[in-house]
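*Asks:* Dropping a structure here in structure tokens format, bear with me for questions.
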Amino acid sequence: MLRSAAITAGVQRSPNRAMLRAVGFGDGDFDKPIIGIANGYSTITPCNIGLNDLARRAEQSAHSAGAMPQMFGTITVSDGISMGTEGMKYSLVSREVIADSIETACNAQSMDGLLAIGGCDKNMPGAMLAMARMNIPAIFVYGGTIKPGRLGPCDLTVVSAFEAVGQFSGGRIDEAELLAIEKNACPGAGSCGGMFTANTMSSAFEAMGLSLPGSSTMAAEDPEKAESAARSAEVLVRAIEANIRPRDLITREAIENAISVIMAVGGSTNSVLHLLAIARTAEVPLSIDDFETIRQRVPVICDLKPSGRYVTVDLHRAGGIPQVMKLLLDAGLLHGDCGTIEGRTLREVLADVPSEPPAGQDVIRPLSNPLYAKGHLAILKGNLAEEGAVAKISGVKTPVITGPARVFESEESALEAILAGSVGAGDVVVVRYEGPVGGPGMREMLSPTAAIVGQGLGESVALITDGRFSGGSYGMVVGHVAPEAAVGGTIALVEEGDSITVDAHQLLIQLNVDAAELERRRAAWVAPAPRYRTGVLGKYARLVSSSSLGAVTDPV
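The sequence shown begins at 941 in this note's numbering and counts up by one.
Right, dumping it as structure tokens:
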């Protein structure tokens, strides 16, 4: 029996049916599956501005396939637009709000299935958390990537604009060049175009079988994206009939596949946080150390921004995620028996994909000639991060530094110092009290990291934080330091000028201060008062777990 029978079947549900008739149900529709279409459409951000068209195509297709679609809205925030402001504290919080809103609408209305449509970074993990909680047949439709901007011979992304601020402050470009980059970086609809967080998570969901093959790298404005949305609705109706549920697909092996793909494409540090949260919600055992285990065996084979040369539409033209997965599968680096929402195994999905990347392109390299022999997301531990920290080491020739700490209590104060030129080669910038509890909300440090790169210091200055990094950040960056400063983690005890070592080869993040001195500092440390006591940020700070556990708000 359909779950929706709870609101459509029997004499007692006559009032319920009366209201459903007012929204388009007819006599023959009450025994059809009800599909919720969670539509993240918004004019807040180019990432989501095209989603309404996709939702309408999915709605029409669901009708044609014999279902009754019901569209409802969910929120988005723009990470790029809120970056570097107080508003960025709401970004990770929005992941939970999106999950809560989808769960609320679907369960309150007894929906039989979910088609979630999202674009900006937190839309994907928010939808996936809801899918894992409810465990009703579900599929994700990604809004698609933006096409690159152009300025002369160069491709631009929004990260180009962030880096241009650092270039301007360092005297490397003038105001006219800064304005030209600003005007050309974002030419239309779609999520930020490199292998940043949105494209990373869409790729992960394709690898896990929760979205259609080839759909995660399509451009938002290309016709195939709307066709993919329509086909997704058809596939979801069949999944309801076959009773294929998210927890059938979100297995340990599927998550390992997602991590392998993320390593291969050079994806975002945020994927660590989100996959930990998804696994915990789906009751799949996964720890932060598992990312390091997989990193050791999976090379980076895609030359993608932020540290590489190409953007996601280039990856799509080269074969997209199916081509990447086929190379990994043939090398024994994927679990081919994992299921997909279509009802096929991953091996069956990839059966007709060529075993070699296309000739005449160098976006996807063969495994015999990778960009990096190991994955780019290293899990570091030491007295500065006993629970772990995440380092993104792509684009760094020598991911090792020992230098004096430059300590900042917020992102704003760090950025001000960097732009003023008071951070120099060899320094280790420490930005603390930006964690899940302390921020609250674990802001992304794209503005300071882009300023460091823009000033030509990307190889010689490290930045460590209990906050996060944008998928657009690269250089010697270490985030997700846990325990965070607000709960008394060692990062709270760092003093200006202390020696810090970051060594990605040794997987070490170390405060070079003797144990007795650290104990003296720890005894003197006083927890700061919460920055927010009420509202969504106050509530979040009281509930959220460590970043090493995915920063979830359910009990852990």
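Quick reminder that beta carbons are idealized off the backbone N, C-alpha and C, glycines included.
1. DSSP beta-bridge partners for P1344?
2. For V1201, report the span of its alpha helix (DSSP H) as first-last.
3. Looking at the secondary structure, which residues open and close the beta strand (DSSP E) in which K1332 lies?
4. In this structure, what does DSSP give as the bridge partners for Y981?
5. Could you name the residues that DSSP lists as bridge partners for I1404?
6. Could you spell out where the alpha helix (DSSP H) holding G1322 opens and where it closes?
7. For I1228 and A1318, I'd like the C-alpha separation in whole angstroms.
8. How would you call R1346, buried or exposed, if buried means at least 16 neighbouring beta carbons within 10 angstroms?
9. Which residue comes first and which comes last in the beta strand (DSSP E) that contains V1081?
10. State whether the segment 1057–1064 contacts the segment 1417–1426, with contact taken as three or more CB pairs (one from each stretch) at a distance under 8 Å.
11. Reducing DSSP to helix, strand and coil, say where A1159 ends up.
12. Quick one: residues in its chain with C-beta nearer than 7 Å to the C-beta of D993, no 5 flanking neighbours on either side, listed in chain order?
13. By Cβ distance, which residues of its chain are closer than 7 Å to Y1312, with the 5 residues on each side in sequence left out?
14. Tell me which residues share the same chain as A998 and place their Cβ nearer than 8 Å to its Cβ, disregarding the 5 neighbours each side in the sequence.
15. Just checking, does the segment 1433–1445 make contact with the segment 1368–1375 on the three C-beta pairs under 8 Å criterion?
16. Is R1235 buried or exposed, if buried means 16 or more other CB atoms sit within 10 Å of its CB?
17. Going by DSSP, what residue range makes up the alpha helix (DSSP H) through M1051?
18. Going residue by residue through the segment 1058–1138, where are the continuous alpha helix (DSSP H) segments of at least 4 residues, counting only ones entirely within it?
19. What did DSSP end up calling T1285 once you bin it into helix, strand or coil?
20. Here's the rule I'm using: 16 or more other beta-carbon atoms within 10 Å means buried, otherwise exposed. How should Q1450 be labelled?
21. What does a CB cutoff of less than 6 Å around A1357 pick up in its chain, not counting 5 residues either side in sequence?
22. Which class does Q1446 belong to by DSSP, given the choice of helix, strand or coil?
23. Mind listing, in chain order, the continuous beta strand (DSSP E) runs of no fewer than 3 residues lying wholly within the segment 954–1009?
24. Of the choices G1378, V1177, D1406, whose alpha-carbon is the least far from that of N1507?
25. Quick check: the Cα distance between Y1414 and A1390, rounded to an integer number of angstroms?
26. Which residues in the same chain have their Cβ closer than 8 Å to the Cβ of G1128, if we skip the five residues on either side of it in sequence?
27. Should the segment 1213–1222 be regarded as contacting the segment 1266–1277, the criterion being three or more beta carbon pairs within less than 8 Å?
28. Check whether the segment 1061–1070 touches the segment 1085–1105, taking contact to mean three or more Cβ pairs, one atom from each stretch, closer than 8 Å.
29. Confirm, please, whether the CB-CB distance from G1133 to V1253 is below 9 Å.
30. Please list the terminal residues of the continuous alpha helix (DSSP H) segment that includes K1266.
31. If you run the structure through DSSP and keep just helix, strand and coil, what is G1279?
32. Just checking my contact of A1325 with A1182 at CB under 8 Å: how many whole Å lie between their CB atoms?
33. So what's V1251 in DSSP terms, helix, strand or just coil?
34. So the alpha helix (DSSP H) F1409 belongs to, where does it begin and stop?
35. I need the straight-line Cα distance from R1305 to D1243, nearest angstrom please.
36. Judging by CA-CA distance, which residue of R1185, I1202, A1198, K1337 is the nearest neighbour of A1072?
*Replies:* If we stick to the structure as given:
1. S1439
2. 1192–1205
3. 1325–1332
4. DSSP, once it has assigned bridges, lists no residue as partnering Y981.
5. V1370, V1418
6. That residue, G1322, is in no alpha helix (DSSP H); its beta strand (DSSP E) goes 1317–1322.
7. 10 Å
8. buried
9. 1078–1082
10. no
11. strand
12. A1166
13. P1239, V1240, S1334
14. I977, P1009, L1055, I1057, V1081, A1169, A1170, S1172, A1173
15. yes
16. buried
17. That residue, M1051, is in no alpha helix (DSSP H); it is neither H nor E in DSSP.
18. 1063–1074, 1098–1109, 1115–1124
19. strand
20. buried
21. V1363
22. coil
23. 974–979
24. Because residue 1507 is not part of the residues shown, which for the chain are 941 to 1496, the question remains open.
25. 8 Å
26. P986, I1086, K1087, A1160, E1161
27. no
28. no
29. yes
30. 1260–1270
31. strand
32. Not a contact, Cβ separation roughly 44 Å.
33. coil
34. Careful: F1409 lies outside any alpha helix (DSSP H) and carries neither H nor E.
35. 8 Å
36. R1185
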